[in-house]
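According to mature numbering (1 follows the signal peptide of the UniProt record, and there is no 0), the residues represented by the sequence shown are -22 to -1, 1 to 428, in order. The beta carbon of each residue, even a glycine, is placed where N, CA and C say it ideally should be. Being a predicted model, the structure only gives us computed values, none of them experimental.
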Amino acid sequence: MKKTVCVLAVVLIGAAALFATNARVESMGKSATFFMDDVSIFENPANINIYPNFLIGEPGRITEFSDSNTNYKNQDPAEPFGGGILAFSLNKDKNAETRYPMLTLGAIMNHQNELVDVLMGAARANVDALHPDGHIIPKPVVPNSDFFIGYTLDNGVMLGGHFYATKQTIDVPFKDLNNSKQELIDAGILTATDSSGMAYDSLMLLNASEKTGDMSWSSGVYRGDLGVNMPVSQNMDLEVSLGIAIMQYSGNKSVELGKYAIPDYNDQDLSIFASARLFSTLVSLNGELVPVVKYKHVAIRNYTKNEVIGGIGANVTLDRGFFWAGTEVNWSNTESPKQNGRLKDISALNIPLSFGIERNVVWDWLVLRVGFRKILWGSYSNQSDLTMLKTNPEADMTASDHVGGGIGLNIEEKLKIDCVVAEDFLYKFGNLISGNSHHVFSRITATYSF
């Protein structure tokens, strides 16, 4: 029993020290693969048991970067989300050394799932002679939420489950099509073309006739994951997760609708995800060695992507700080249709090196962070035997470029606010130097533990 309590204490203390958010990850190396963090609950739901009783929220991240003071448009942050986790001890012994067994429940609303982008990209990738730009589908929007359940056994083994769902369905009678054009523009079916935002592609009305009947579109993403996080020795913790997903979309079948027609597709393509991490404590390093393996198979209609990742990294707890570094080998193969009926085949091999560091400065509640991510070797080849080398962008103001930096506020280990600082801030200090500036922070995430 004492051994179990000791192992659990190490896990929970380490988790508290390494508590992360999206903003912290982006500003400190742009990857959370090699240290424990709350972001990992989306990949391994067993980790929800490490973060009981906390709230998390984010107003979104800046996606519009403009220094112009004449180009007026909405620059509000995109994709805000929020939610929380609650834990309930099932241990009836009030004098027990642990709360285990423990039940944990959680929900996070509007957190953008990567599979939504895969769905939209797969629709655009389904090209042929009738659809040179791919299939036109609406973006799924509701409930766009993640639901979690976790359970911790007496011996410290943590189990978890996760379900994500989002969908969109549109049905409009032909007679009301003209009156519904703005709604279809908002849903992404039609495209506004003039300054008023009310003009739209008239091809639908020109090609459609009343015999097409009601018009409809649908899209959806559904994913479920199971995970386990267990101590395999006093100095090692193993986490393993397995997930499956179904992505689908459909639309009108009438050929008279031209590019708005979507051919029948009856296959139920299944996507598969698997990952494993081993956290091995190194006393001499005052940190952990972390090997990682991941596999991903994504399939929807005629679009397929396979990805295999293997990597190794380490994290080190410093005096009033934290440092991590790691490298991966990432191989992927993507197949998508071509207009001539053949498949477009693209293979890529990437070897990124990443590191990040944070440290409390002046006061214990103030944290500075900086990180770097560079694809040391990136090869690309396609079905035409074209080969070339690639790397990630140097500085395009997105989360995938080379450098990130940020600050954090830690109030009594309860309220934590993490910010990604704009990469040109030190050169402009907002709009005080060198003219206008689009923003000071590009992302802010806050959590509260109770």
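For residue i, which residues does DSSP report across the bridge?
i, result
"Tyr227", "Ser197"
"Trp355", "Ile329"
"Tyr129", "Leu81 and Leu137"
"Gly112", "The partner list for Gly112 (beta bridge, DSSP) is empty, contrary to what the question assumes."
"His417", "Answer by DSSP bridge pairing: none, since His417 is not bridged."
Nearest by alpha-carbon distance to residue i: which of the options is it?
i, options, result
"Val339", "Leu387, Ile40, Lys352 and Pro110", "Leu387"
"Gly166", "Leu131, Trp195, Val307 and Phe152", "Trp195"
"Asn318", "Leu68, Gly384 and His109", "His109"
"Val307", "Pro330, Arg320 and Lys316", "Pro330"
"Val233", "Phe125, Ala107 and Val150", "Ala107"
"Lys272", "Glu372, Gly265 and Val286", "Val286"
"Glu36", "Val17, Tyr29 and Pro30", "Val17"
"Trp343", "Lys322, Arg320, Ile389 and Phe300", "Ile389"
"Met193", "Asp164, Pro209, Phe152 and Ile163", "Phe152"
"Arg351", "Val268, Lys8 and Leu393", "Lys8"
"Ile335", "Arg347, Trp341 and Gly356", "Arg347"
"Pro55", "Gly38, Leu97 and Leu64", "Gly38"
"Lys145", "Gln90, Gly128, Asn244 and Ser197", "Ser197"
"Ala74", "Val96, Glu92, Asp132 and Asn91", "Asp132"
"Ile115", "Thr169, Asn244, Pro269 and Glu372", "Thr169"
"Asn328", "Ser310, Lys316, Pro315 and Ser314", "Ser310"
"Thr76", "Leu97, Thr130 and Lys237", "Thr130"
Output yes or no for whether 9 Å exceeds the beta carbon distance between residue i and residue j.
i, j, result
"Asn22", "Met80", "no"
"Tyr142", "Val218", "no"
"Phe32", "Ser427", "yes"
"Ala24", "Gly134", "no"
"Asn88", "Pro58", "yes"
"Thr312", "Ala326", "yes"
"Ala1", "Val398", "yes"
"Met6", "Gly349", "yes"
"His380", "Ile40", "no"
"Asp111", "Val120", "no"
"Ile353", "Thr369", "yes"
"Asn213", "Met136", "no"
"Tyr281", "Ala100", "yes"
"Ile127", "Thr82", "yes"
"Lys392", "Ala103", "no"
"Tyr227", "His113", "yes"
"Asp215", "Leu263", "no"
Quick test of your reading: residue i and residue j, contact by CB under 8 Å. State the CB separation rounded to the nearest angstrom.
i, j, result
"residue 429", "Arg201", "The structure shown has nothing for residue 429, since the chain only spans -22 to 428."
"Ala292", "Ser332", "Between Ser332 and Ala292 the Cβ distance is about 12 Å, and since that is not below 8 Å, they are no contact."
"Tyr239", "Lys231", "In the sequence on display, residue 239 carries Ala and not Tyr. Right, the Cβ-Cβ distance comes to about 6 Å (below 8 Å), so this counts as a contact."
"residue 431", "Ala85", "The displayed coordinates of the chain run from -22 to 428. Any statement about residue 431 would go beyond what the structure contains."
"Thr11", "Gly289", "6 Å"
Original post:
Looking at C-beta atoms only, is the number of pairs between the segment 237 to 251 and the segment 266 to 286 that lie closer than 8 Å three or more?
Top reply: yes
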